[in-house]
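Accompanying notes for the structure given below.
Numbering (the working numbering), first residue to last: 841 to 929.
Structure follows, in structure tokens:
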């Protein structure tokens, strides 16, 4: 079964500040004052947001972005990162 939820992750150490990714997904990504990428959300993405995130990942020439699959069983909650947000299907 295809998993259609993933979390967008950035590695600023790999980013060279091209900004192509932000053009592909401007509401999911930001550039800091030095032009390095940051991710706006730690929530699991699906649908249109996930398609735009995939486009941003594919466009990054430095491979500073990646998608991490989120595997969730029905009726359970999962922590999505270092913050206090949770996602429940």
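Where a beta carbon is used, it is the ideal one built from N, C-alpha and C, also for glycine.
Can you give the Cα-Cα distance for residue i and residue j, rounded to whole angstroms?
i: residue 863; j: residue 897; result: 11 Å
i: residue 858; j: residue 911; result: 31 Å
i: residue 853; j: residue 904; result: 8 Å
i: residue 850; j: residue 869; result: 9 Å
i: residue 860; j: residue 891; result: 15 Å
Can you tell me which of the options puts its alpha carbon nearest to the alpha carbon of residue i?
i: residue 881; options: 875, 865 and 873; result: 865
i: residue 899; options: 883, 872 and 877; result: 877
i: residue 909; options: 888, 892 and 884; result: 884
Does the separation of the CB atoms of residue i and residue j fall below 7 Å?
i: residue 895; j: residue 844; result: no
i: residue 848; j: residue 879; result: yes
i: residue 902; j: residue 856; result: yes
For this session: Starting from the N-terminal side, write out each stretch of the alpha helix (DSSP H) that is 4 residues or longer and does not extend beyond the segment 852–879.
Result: 860–864
Exercise. Hey, which unbroken runs of the alpha helix (DSSP H) at 4 residues or more fall wholly within the segment 882–918?
Worked result: 887–899
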